[in-house]
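Student: My structure is below; once you've seen it, I'll send some questions.
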Amino acid sequence: MRHFLPLLLLSLSTVSCVSTETSKQEVMPKKNTAPKNIIMVIGDGMGPAYTTAYRYFSDNPETEAIEETVFDRHLTGFSSTYPAAVSGIVTDSAASATALATGIKSYNGAIGVDVNKNSVQSVLEWAKLQGKATGVVVTSQINHATPASYLTHNENRKNYNAIADSYIDNGIKADLYFGGGWQYFIREDRNIVNEFKQAGFHYINNYQDLTNLPNNKPVLGLFADVGLPWALDDTNKYRLSAMTKAAVHHFIDYQNNSSEKAQGFFMLIEASQIDWAGHVNDISGAMAEMDDLAKTLEYLEHFVEQNPDTLVIVTADHSTGGLTIGAKGKYEWQPEKLRTMKHSPIYIAKQLIKNEINSVMTTTLFNFELSNDDIALLMHSKNTAIINNNTKINQLKGISALEFSLSLTVKQIINKYSNTGWTSGGHTAIDVPVFSFGKQSELFNGQQDNIDIAKKIFFLLGK
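Residue numbers for the sequence shown follow our numbering, beginning at 1393 and rising by one.
The structure is reproduced here in structure tokens:
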């Protein structure tokens, strides 16, 4: 089995990492050596248990060695995530994204504003003012907490319509937007998509059009009503990778063909639904979302090889769900069944509701054989859920109480076969990993706070 970092080397690396403000200043590069392109990648909810689990999930079982992942290759440090003191020490996505985007601590729910609700400039906004092309690529709706914190300012992340409106009303901040959000951008009271078109944007609404983008126009791509489908259920399970490739190619073409030559680009990429899987304790969904992110980073590795004047920073805004790789005192974690899964738990639950539950049906849906006890548990859960289907489930929009209830049993079975544990349905306050590669990537070595990441990016952008 491969040993990843001998303890001695790890200790030496830790000693040499940046740990004080003085040493941070000493390693700051000259501004004229800054990268031309900066790509900020956020795995929403991706604590260290997720990247570790992905190593074993993606391992080739035919070899004795545990193969390293793209995350292993580029781990440079860790980041603390706590919000402003008014919100305690467990952050939400809005406060953490605001910190990562602006270098300012704020309260949970804040979108690009400080604790006094005053707007604070983001690295994306500053990059745009410096003549760079800018864009966001996410698997959530594009007015969700993380992209919104880079693009606009609002006192409450839940003001989705107002946030969408601000993408036009407060000035267009990006040259490319990829993600979900029809519900918020095509409304009865306002069609913001048409307003983007009137502003000169090319609009697409399906993945197929990603390969045929005009090289001289900004682009808005919305591919779902709210967030994109789960990776396991989507028509392209590597949709984040596909959107990222299209975005990077477009930025290169756009820079070469636009009447106003951009000075490189700044892009935010978010694997949004790692967090969503963590909230509902869905290990199969989490690994599929991690796989999509890993393929995205592997593409960016190749891009940096061909374009060494590029910096990629990867981190998480927080960890979600208290994921544990191993549960109930058993010294094992078994990802074998997870590798075979082709559908999300909610999809499986919907099909079980529509059809008779038997061994043939469950084997088809889970893509592995269940025990008679598991099948009996699903049947009991379905019958009980039908009886109790007068309870409204507000947490998951578009999912009935019946579907939600049965999906809990589906996840219970998946967690049992993989021996996966969870401690929470919310966020946790643990530090998250930081990865970086490309030009000036060493700037992100060591232990740091999330606001330090923004401050370093601002420095590289000449502020």
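In this text, a Cβ means the ideal position worked out from N, Cα and C, and glycines have one as well.
The structure displayed is predicted, hence computed values, not measured ones.
How should Q1665 be labelled, buried or exposed, when 16 other C-beta atoms within 10 angstroms of its C-beta is the threshold for buried?
Tutor: When all chains shown are included, Q1665 counts as buried.
Student: Does any residue of chain D have a CB that is nearer than 9 Å to the CB of Q1743?
Tutor: Absent from the structure: chain D. Only one protein chain is present.
Student: Tell me whether the beta-carbon of N1546 lies closer than 9 Å to the beta-carbon of V1505.
Tutor: In contact: N1546 and V1505 (Cβ atoms closer than 9 Å).
Student: Identify the continuous beta strand (DSSP E) that holds E1748 and give its terminal residues.
Tutor: Run containing E1748: none; DSSP gives neither H nor E here.
Student: Near A1476, what residues of its chain come up, given a Cβ to Cβ distance below 6 Å and the 5 sequence neighbours on each side ignored?
Tutor: Here the set comprises K1497, S1498, Y1499 and V1507.
Student: Can you tell me whether DSSP reads F1758 as helix, strand or coil?
Tutor: Helix, per DSSP.
Student: Roughly how many angstroms lie between the CA atoms of A1502 and R1549, to the nearest whole one?
Tutor: Taking the straight line from one Cα to the other gives about 6 Å.
Student: Following the continuous beta strand (DSSP E) through A1663, name the residue where it begins and the one where it ends.
Tutor: From DSSP, the beta strand (DSSP E) with A1663 extends over F1657 to A1663.
Student: Give me whichever residues DSSP pairs with Y1569 in a beta bridge.
Tutor: Note: Y1569 sits in a beta bridge opposite V1528 and L1612.
Student: Tell me the DSSP bridge mates of I1564?
Tutor: For I1564, which the question treats as bridged, DSSP gives no partner whatsoever.
Student: Sorted by chain position, which residues of the same chain lie with C-beta nearer than 6 Å to A1489's C-beta, five sequence neighbours on each side aside?
Tutor: Once the five neighbours on either side are set aside, the close Cβ partners of A1489 are A1537, T1538, S1541 and D1709.
Student: From what residue to what residue does the alpha helix (DSSP H) around G1677 run?
Tutor: Run containing G1677: I1675 to Q1698, per the alpha helix (DSSP H) assignment.
Student: Could you give the distance in angstroms between the alpha-carbon of T1443 and the alpha-carbon of Q1590?
Tutor: Each residue's Cα considered, the two are about 42 Å apart.
Student: Quick check: the segment 1692-1711 against the segment 1820-1827, are there 3 or more CB pairs under 8 Å?
Tutor: Counting Cβ pairs under 8 Å, three or more are found: they touch.
Student: With a Cβ-Cβ cutoff of 9 Å, do N1842 and L1492 count as a contact?
Tutor: Contact: yes.
Student: Drop a sphere of 10 angstroms on the beta-carbon of E1517, count the other beta-carbons inside from all chains shown, and report buried for 16 or more, exposed for fewer.
Tutor: By the 10 Å Cβ count, E1517 comes out buried.
Student: Please state whether DSSP places S1403 in a helix, a strand or coil.
Tutor: Unreliable placement is indicated for S1403, whose pLDDT of 36 sits below 50; no coordinate value is reported for it.
Student: From what residue to what residue does the alpha helix (DSSP H) around Q1590 run?
Tutor: Note, Q1590: alpha helix (DSSP H), I1584 to Q1590.
Student: CB S1532 to CB G1619, shorter than 9 Å?
Tutor: In this structure, G1619 lies closer than 9 Å to S1532 by Cβ.
Student: Would the beta-carbon of I1705 fall within 9 Å of that of I1431?
Tutor: Yes, the pair counts as a contact, with Cβ atoms nearer than the cut-off.
Student: Within 10 angstroms of the Cβ of Q1417, are there 16 or more other Cβ atoms? Answer buried if so, exposed if not.
Tutor: Because Q1417 sits at a pLDDT of 41, beneath the cut-off of 50, its placement in the model cannot be relied upon, and the point is left open.
Student: Which value, in whole angstroms, describes the spacing of the CA atoms of N1562 and K1524?
Tutor: For N1562 and K1524, the distance between alpha carbons rounds to 19 Å.
Student: Distance check for I1849 and F1658, CA to CA, integer angstroms please.
Tutor: Looking at the two C-alpha atoms, the distance is approximately 10 Å.
Student: Evaluate contact between the segment 1681-1698 and the segment 1457-1471, counting only Cβ atoms and requiring at least three cross-stretch pairs below 8 Å.
Tutor: The segment 1681-1698 is in contact with the segment 1457-1471.
Student: Could you work out which residue in K1808, A1793 and F1796 is closest to S1763 when comparing CA atoms only?
Tutor: Minimum Cα distance to S1763 is reached at K1808.
Student: Suppose you measure from the CA of K1520 to the CA of K1609; what does that come to, to the nearest Å?
Tutor: Cα to Cα, K1520 sits roughly 16 Å from K1609.
Student: Since I believe V1478 is in contact with A1846 (beta carbons under 8 Å), could you give me their beta-carbon distance rounded to a whole number of angstroms?
Tutor: With 8 Å as the limit, A1846 and V1478 do not qualify as a contact, their Cβ atoms being about 20 Å apart.
Student: Exposed or buried, Q1698, counting other C-beta atoms within 10 Å across all chains shown (16 or more means buried)?
Tutor: With fewer than 16 Cβ atoms within 10 Å of its Cβ, Q1698 is classed as exposed.
Student: Check K1847 in the structure and name its three-state DSSP category.
Tutor: Residue state, collapsed to three classes: helix.
Student: In terms of alpha-carbon separation, which member of P1700, M1682 and A1634 lies closest to G1571?
Tutor: Comparing Cα positions, the closest option is A1634.
Student: Buried or exposed for H1642, going by 16 or more other Cβ atoms inside 10 Å?
Tutor: With 16 or more Cβ atoms within 10 Å of its Cβ, H1642 is classed as buried.
Student: Once you ignore the five residues that flank A1638 on each side, which residues in its own chain have a CB closer than 6 Å to its CB?
Tutor: These residues qualify, in order along the chain: L1602.
Student: Could you give the distance in angstroms between the alpha-carbon of G1718 and the alpha-carbon of W1725?
Tutor: If you take the alpha carbons of G1718 and W1725, they lie about 5 Å apart.
Student: Please identify the residue among L1568, D1567 and R1582 whose C-alpha is closest to the C-alpha of A1556.
Tutor: Taking only the C-alpha atoms, the option nearest A1556 is R1582.
Student: Leaving aside the five residues before and after E1587 along the sequence, list all residues of the same chain whose C-beta is less than 7 Å from its C-beta, in chain order.
Tutor: Closer than 7 Å at the Cβ level, and outside the excluded window around E1587, lie I1560.
Student: So if DSSP puts G1830 in a beta bridge, which residue, or which two residues, is it bridged to?
Tutor: DSSP output for G1830 lists L1703 as bridge partner(s).
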